[in-house]
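Protein chains: 2
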Amino acid sequence: MEPIPDVAEPDAAIDPTSPLPKYAQLRRILIGLLDGGGFPPGTPLPSEQELCRRYGVSRMTVRQTLDLLAGEGRLLRRPGKGTFASHGRRHPSLGPLALVTGVRRREPHLDFVRLEHRTADSGSGTRVHLLTRVLRADGEPVAVERGCVPVALVPELPARMWDGLSLTQILVAAFGMVFEPAEQSVVAVLPSAPDARLLDMRPGSPALLLRQRGTRRWTRGTEVTVLARADRFQVRFVRPPERLTAPTTPL
Amino acid sequence: MEPIPDVAEPDAAIDPTSPLPKYAQLRRILIGLLDGGGFPPGTPLPSEQELCRRYGVSRMTVRQTLDLLAGEGRLLRRPGKGTFASHGRRHPSLGPLALVTGVRRREPHLDFVRLEHRTADSGSGTRVHLLTRVLRADGEPVAVERGCVPVALVPELPARMWDGLSLTQILVAAFGMVFEPAEQSVVAVLPSAPDARLLDMRPGSPALLLRQRGTRRWTRGTEVTVLARADRFQVRFVRPPERLTAPTTPL
DNA sequence: AAGTGGTCTAGACCACGAG
DNA sequence: TCGTGGTCTAGACCACTTT
Chain A
31 MEPIPDVAEP
41 DAAIDPTSPL
51 PKYAQLRRIL
61 IGLLDGGGFP
71 PGTPLPSEQE
81 LCRRYGVSRM
91 TVRQTLDLLA
101 GEGRLLRRPG
111 KGTFASHGRR
121 HPSLGPLALV
131 TGVRRREPHL
141 DFVRLEHRTA
151 DSGSGTRVHL
161 LTRVLRADGE
171 PVAVERGCVP
181 VALVPELPAR
191 MWDGLSLTQI
201 LVAAFGMVFE
211 PAEQSVVAVL
221 PSAPDARLLD
231 MRPGSPALLL
241 RQRGTRRWTR
251 GTEVTVLARA
261 DRFQVRFVRP
271 PERLTAPTTP
281 L
Chain B
31 MEPIPDVAEP
41 DAAIDPTSPL
51 PKYAQLRRIL
61 IGLLDGGGFP
71 PGTPLPSEQE
81 LCRRYGVSRM
91 TVRQTLDLLA
101 GEGRLLRRPG
111 KGTFASHGRR
121 HPSLGPLALV
131 TGVRRREPHL
141 DFVRLEHRTA
151 DSGSGTRVHL
161 LTRVLRADGE
171 PVAVERGCVP
181 VALVPELPAR
191 MWDGLSLTQI
201 LVAAFGMVFE
211 PAEQSVVAVL
221 PSAPDARLLD
231 MRPGSPALLL
241 RQRGTRRWTR
251 GTEVTVLARA
261 DRFQVRFVRP
271 PERLTAPTTP
281 L
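Order-wise, the sequence lines are chains A and B. Residue numbers for the first sequence follow the numbering used here, beginning at 31 and rising by one. Residue numbers for the second sequence follow the numbering used here, beginning at 31 and rising by one.
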């Protein structure tokens with residue numbers, strides 16, 4: 031189990047010997063280009079054919095990458111027209127969770143406060159990073175983020191834990207982590223007493239529990255959970271619509 | 031644009047001349063088997079190879095179907111082991127929306143009240159079904175469901191509008207409708223005054239707006255929206271976890 | 001007509017889990 | 001070792017949009 035190489039350069043190429051499958055490598059490259067401003071929202075990406083040529087992979091592999099990114103809300107596919115960089119992605123995404131901002135005029139200031147930061151032995155004897163952080167919105171605690179990442183996969187994780195990004199974002203953008211779609215879930219729960227205190231919640235108030243797990247060889251053992259105050263979050267499924275018009279007017 | 035044939039028989043076969051793509055036909059067959067009790071939760075499905083033989087399609091097509099169903103939470107894929115019927119699916123699903131039931135010991139009694147039920151001319155001149163229903167939980171209105179379905183696709187829709195199933199369920203199970211993953215969204219909105227009255231909500235209370243659209247040739251023009259009281263619903267992303275251990279107490 | 005993404009095929013090799 | 005699902009290839013034809 032070799033560690034995953036760090037970050038993708040702008041002109042990165044696909045490495046056939048990497049532990050990351052080709053589609054995940056290509057995904058990381060494209061995310062780097064999207065986040066780096068290479069493709070502003072609305073901009074068309076190179077065609078599938080062109081991506082095949084440029085990165086030396088087959089069309090099915092390119093499509094696996096593009097479908098994955100479209101499912102994550104980062105790309106928009108239009109038959110007959112092309113694939114386009116999507117709008118949105120303004121806040122640090124917590125996966126399918128996004129902060130409720132609609133009610134407020136001003137975007138809240140977000141930061142993470144580290145509570146725990148160590149390595150430990152997982153049950154199966156593998157060394158893992160254990161991380162616990164509290165997400166604050168304008169200084170008010172709104173979510174607890176917990177992460178478990180095998181050291182063998184991502185040795186230098188702590189160095190990249192800058193405090194404006196969610197762990198999910200870091201793992202995805204920097205290391206190409208892919209969470210199987212079927213291994214993501216959001217459910218309503220009652221937080222434990224310590225967690226409720228961390229989030230300054232009244233006993234009995236509901237929370238949303240997001241859970242993401244990696245089950246592939248190259249993601250195995252990775253798990254991220256986010257416990258979020260239900261009154262401060264909404265779940266964004268896939269992606270927000272282009273524009274919200276007449277939300278309740280029949281078609 | 032031929033109408034989509036109705037319902038799939040247990041021993042249905044793939045029709046290469048159908049307007050539905052093969053993967054969508056196979057999906058409808060498997061949904062019929064799953065809903066009909068052919069594969070109780072936890073039961074392994076036939077292997078991909080076996081499905082290829084049985085339905086005469088290639089493995090990539092079978093995988094497209096199984097991946098789609100897994101993404102919808104109906105199947106569980108386990109490398110090296112097999113594909114299994116998933117648990118869950120107890121309530122009428124509204125797509126990614128599921129009624130919050132955790133707060134209550136007892137499952138609420140659900141039914142739909144029809145408000146509108148007619149055909150009209152869509153903007154582009156195609157005839158469409160227009161449907162409006164109110165979902166009630168124990169008699170209390172909790173969501174407004176609106177549907178627009180081209181008559182050419184599904185001529186006999188009203189006959190199938192039995193009142194315990196959501197429109198999404200009907201379209202998916204009976205007609206094999208597929209909503210592109212990237213065309214589903216859930217956002218928080220403020221309902222219009224009439225809708226707020228329908229749902230017995232106080233002004234200013236938030237609601238969740240689910241929107242599903244079909245953009246393929248064989249789903250084109252189909253749109254389902256569900257406006258749901260935010261205090262009565264949660265969003266279930268993909269599927270609930272097998273069992274909830276650790277950080278918090280499940281509801 | 002040309003180029004795009006959507007569907008589909010028939011192979012291949014691999015990692016995984018179980019006997 | 002064997003059967004499973006995961007990844008990947010190199011083609012093909014189609015529907016869609018624009019020129």
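Each residue gets a CB set at the ideal place from its N, CA and C atoms; glycine is no exception. From a predicted model like this one, the values you see are computed outputs, not experimental measurements.
Asked                                                                                                                                : Found
Per DSSP, the bridge partner or partners of ARG227 of chain B                                                                        : According to DSSP, which records beta bridges pairwise, ARG227 of chain B is partnered with nothing at all.
As assigned by DSSP and simplified to three states, the class of LEU50 of chain B                                                    : coil
Contact set for ALA260 of chain B: own chain, Cβ-Cβ below 6 Å, skip 5 residues either direction                                      : PRO236, ALA237, LEU238
Beta-carbon gap between PHE114 of chain B and THR149 of chain B smaller than 8 Å                                                     : no
Expected contact under 8 Å - CB spacing of VAL174 of chain B and VAL164 of chain B to nearest Å                                      : 6 Å
Pick from B:PRO188, B:SER77, B:VAL202 that is closest to GLY110 of chain B, judged by C-alpha positions                              : B:SER77
Contact under 8 Å by Cβ, ARG176 of chain A with THR162 of chain A                                                                    : yes
Local Cβ density within 10 Å of GLY103 of chain A, reported as buried at 16 or more and exposed below that                           : buried
Simplified DSSP assignment, three categories, for ASP151 of chain B                                                                  : strand
Neighbourhood of VAL158 of chain B by C-beta distance below 8 Å, restricted to the same chain and skipping five residues each side   : THR149, ALA150, ASP151, SER152, CYS178, VAL179, PRO180, VAL181, GLY251
Assigned secondary structure, ASP45 of chain A (DSSP; H/G/I helix, E/B strand, else coil)                                            : coil
Where GLN79 of chain B falls, given that 16 or more other Cβ within 10 Å makes a residue buried                                      : exposed
Cβ shell of THR91 of chain B (< 6 Å), same chain only, five flanking positions each side left out                                    : LYS52, TYR53
Exposure of ALA167 of chain B, with buried meaning 16 or more beta-carbon neighbours within 10 Å                                     : buried
Which residues DSSP lists as bridging HIS159 of chain A, in chain order                                                              : A:THR149, A:VAL179
Test item: CB-CB of ARG243 of chain B and GLU253 of chain B under 8 Å                                                                : yes
Euclidean distance between Cα positions of ASP225 of chain A and GLY194 of chain A                                                   : 21 Å
Rounded C-alpha distance that separates ARG241 of chain A from PRO221 of chain B                                                     : 30 Å
Supposed contact pair ARG58 of chain A and GLY292 of chain A - C-beta distance, whole angstroms, cut 8 Å                             : Any question about residue 292 of chain A goes unanswered here, given that chain A covers just 31 to 281.
Whole-number beta carbon distance between SER116 of chain B and LEU127 of chain B, since they are thought to touch under 8 Å         : Between SER116 of chain B and LEU127 of chain B the Cβ distance is about 18 Å, and since that is not below 8 Å, they are no contact.
6 Å CB neighbourhood of ARG107 of chain A in its chain, flanking five on each side removed                                           : ALA100, THR113
Distance between beta carbons of ASP97 of chain A and PRO171 of chain A, contact taken as under 8 Å                                  : About 36 Å separates the two Cβ atoms, so there is no contact after all.
Cut-off 8 Å between Cβ atoms - residues of its own chain near GLY67 of chain A, not counting five sequence neighbours on either side : none
Under the three-state DSSP convention, the category GLY72 of chain A falls into                                                      : coil
ALA42 of chain A versus A:PHE69, A:SER154, A:ARG84, A:VAL184, residue with shortest Cα-Cα distance                                   : A:ARG84
Reduced DSSP category for VAL219 of chain B - H, G, I as helix; E, B as strand; rest coil                                            : strand
Close beta carbons around GLU210 of chain B, own chain, < 7 Å, minus the five adjacent residues each side                            : THR245
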